[in-house]
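Structure record follows, encoded as structure tokens.
Numbering (the working numbering), first residue to last: 98 to 754.
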């Protein structure tokens, strides 16, 4: 079906050059024509992590968000000063394990230690090392204690001598029925019978996070809660101690200690992209302690705000990744494992510009590129025009379809809608971002369709959901913005369709690939999915997606998939998921998602499509978040038969600054 438009216009495919700071220089420097921003002073120039630009009042900030290890590289200091703020959070400790023959719940793990520095000097160009600590493993049943979380580090290179290095200590693991807890950045809750048998409940383990990192740096960590004979103490958090297991029955066992709130990764008026929302507006909480497990009829306790995992009646709940939250303790209703702690995070923030006029709209994550203000929605909300009317160009992608089960079809990419410019007056407008469809885990269920994405301007514009991939005995691919691939038993390709009217907009979507003993690839926004490969062939490759229009191709944008055949991010969206095959010997490649353009392109994943499996034990992969990519499909027999979920959608709106 391809692109559909009443204006016969679609996004171009040429790379658009530019950078936010260069835009300030050209548009608002000497001789520039704009009035919204001050061209001087200008922020430092640096790379590393996922970059988020946003506005807080009249200040424009850039945040570098590290959820995996890397380097923060400063190439020029700029003229806004030579300091940055940073937040360093270590991995949380694992929760304790319990036994089914006891009434004792286990303790929650302590959060990772947290360090905040309000003014760290980066006056000279150079590389600053970033290490992200993994969460500790939870205790396995009762006899094996959990593991302490791993340290996170921000600082200059080791050679010749490190100075002012910030080291956040991993969280301590929670105590169990038969072993004690451990201290750490924040301490784990105490164990219930230490030493076992016949021992006494132990007190909460200490939190010992120092204020490393030099001037303006403060470290935070707190002890875990005290155990009782029936256990369930909470792990400590960066903002408070874990709850004791002797709390009144009405409140259950020990709650995890609260974390601390830092609004560095995004604007204060929105829920932050990293960190569990806390009790105050704005979210941005990190390093909450794990909750204690159920015990003696008391309910399991909640983890602390900031990613702490809840305690369980059986297996505990894991700390949230990239928050440093402690793992929840296990309860005694099963042979319960304690849960893993959440991984850590490093966020570095500095000012890059200053507004001299009020924003024209609110909503989403706000950035600036090539003369435009850009609002990006990765979850549903309101786009509220406060100074209109404006001419809004928008690009939106629906959630991708899930992959099918067993020699199955890949999920179709979410439908794509692009409007080159619509006059929008003042007022809030609802934005709905579609979720990806679930992958199939059994016969005869096919992969689920994604969810549609929409904007009510107030004319309703809708990008249609991605079609689910057919499974082995539920063969046809699902209909969607792009259709799902057919399943093995002669499954037909899912067709592409767009039931909603989108006046003045261009729509993109294509059919999935048909099965030929093996599953077909899901359709992509750029072309159809490839057909299945026959016996003993591969699954079909997913149809390639499309690039976002040039307006939205900010080099610093973290959104979108990759260019086929390269590791370069390409602002690519809505690739189809790869189909499932059944090779007798290991082949060189997966049936790639979002990669098919008439021949098999090596590498991936591209444009958001997930990979299918054609040989055990190669797993399927999900469509990338916020690309609308289709989920990869499962192979025939053995392991890796399950389909994977489609990627969630996105809405991006731009207007002249």
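Every residue gets a Cβ at the ideal spot worked out from N, C-alpha and C, and that includes glycine.
Between residue 739 and residue 538, the CB-CB gap stays under 8 Å.
Looking from the CA of residue 178, the closest CA among 157, 723 and 449 belongs to 449.
For residue 196, there is no enclosing beta strand (DSSP E), as DSSP marks it with neither H nor E. Assignment of residue 517 by DSSP, reduced to helix, strand and coil, places it in the strand class.
Our two residues, residue 421 and residue 621, have alpha carbons roughly 37 Å apart in a direct line. For residue 252, the uninterrupted beta strand (DSSP E) segment begins and ends at 249–252. Distance from the CA of residue 413 to the CA of residue 642, rounded to the nearest whole angstrom, comes to 39 Å. The Cβ-Cβ distance between residue 423 and residue 441 does not fall below 8 Å. Using a C-beta cut-off of 8 Å, the stretch 508–525 makes contact with the stretch 604–621, since at least three inter-stretch Cβ pairs fall below that distance.
Residue 142 carries a strand assignment under DSSP once its states are collapsed to helix, strand and coil. Comparing alpha-carbon positions, the option among 221, 723 and 196 lying closest to residue 494 turns out to be 723. Counting along the chain, residue 159 sits inside the beta strand (DSSP E) bounded by residues 156–163. Under DSSP, residue 184 takes part in a beta bridge, and its partners are 213 and 444.
Contact check for residue 273 and residue 207: beta-carbon distance about 14 Å, past the 8 Å limit, so the pair fails to qualify. Inter-residue distance for residue 469 and residue 648 is about 8 Å (C-alpha atoms, whole angstroms). Between residue 203 and residue 385 a beta carbon distance of about 18 Å is seen, past the 8 Å cut, so the two are scored as non-contacting.
Among the bridge pairs identified by DSSP, residue 469 is matched with 466 and 753. Three or more Cβ pairs closer than 8 Å define a contact, and the stretch 316–335 meets that threshold against the stretch 391–401. Look at residue 600 here: in three-state DSSP terms it is coil, with no helix or strand label.
With contact defined as three or more Cβ pairs closer than 8 Å, the stretch 531–548 and the stretch 562–572 are in contact. DSSP places residue 177 in the coil class of the three-state scheme, outside both helix and strand. In this structure, residue 610 lies near residue 590, with their beta-carbon atoms less than 8 Å apart. Contact check for residue 645 against residue 552 fails: the beta carbons are separated by 8 Å or more. If the five residues before and after residue 201 are omitted, its C-beta is found closer than 8 Å to the C-beta atoms of 195, 274, 289, 290, 326, 327, 328, 329, 392, 393 and 429, all from its own chain and listed in chain order. By the neighbour-count criterion, in which 16 or more other beta carbons inside 10 Å mark a residue as buried, residue 635 falls on the buried side. Per DSSP, reduced to three states, the secondary structure at residue 647 is helical.
CA-to-CA, the gap between residue 677 and residue 637 works out to about 7 Å. Here DSSP, grouped into helix, strand and coil, assigns residue 525 to strand.
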